[in-house]
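Have a look at the structure below before the remarks.
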Amino acid sequence: MVPVLRSKSFGIAMLLAGSLSVPNNALADTKLVFWSMWNEPEPQARALSQIMAAYTKSHPDVTFEVAWNGRQNQTKLRGALQAGIPIDFMDQDANELAGGLQKDDLGYEVDGILDPATTEAFLPGTFDLYAKAGRHVQLPYIYNTVNFWYSKALLEETKSEAPQTFDELLCSAAWFRRMARTRS
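According to mature numbering (1 follows the signal peptide of the UniProt record, and there is no 0), the sequence shown holds residues -28 to -1, 1 to 156 in order.
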């Protein structure tokens, strides 16, 4: 296991996107252990396998040992870490990591080993979303949209009620589009 990469809670993209500031020979003759939240037949697992294969092709001294744990990844990982099993990196939904392994301080800080271009490549606020006291132990590699936003000011202006269901949101959006067309 590579000490500089010995992280228990950050995503595969950090390594595979070339975002680490480590010398080219720092990973020589290295097997990296990756535990994934995906099941092997899933499209994301296939994509990650292709990325790891491409990385190994570019860096023949680096190989990957992958455990495709599925959605029980964080649960299995916690037990493995407590048993002293070395795991270099893992992936999991960021909010689950923040409430689990990160909350229990089971991650290693990635600040200082990331190339500055990597942190600048994220959409504003994304890299810092789960930082704790300015300390980053996660590197997002997938953007999951889970919020729908609407304008309270527009609702007040039109004396409309805030939608309570997704159907109401769609109806409101259609109504506002019609209103916008009649105003122009």
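Yeah, the Cβ is synthetic: ideal placement off N, Cα and C, and Gly gets one too.
The Cβ atoms of Phe6 and Phe61 lie closer than 8 Å to each other. Distance from the CA of Met151 to the CA of Gln136, rounded to the nearest whole angstrom, comes to 21 Å. In this structure, Met9 sits near Gly42, with a CB-CB distance shorter than 8 Å.
Taking a C-beta distance under 8 Å as the contact criterion, Leu53 and Val82 do not qualify as a contact pair.
Here the C-alpha atom of Lys131 lies approximately 18 Å from the C-alpha atom of Thr154. The closest CA to that of Tyr115, considering only Phe99, Arg107 and Val109, is found on Phe99. Three or more beta-carbon pairs separated by less than 8 Å link the segment 57 to 71 to the segment 35 to 49, which places the two stretches in contact.
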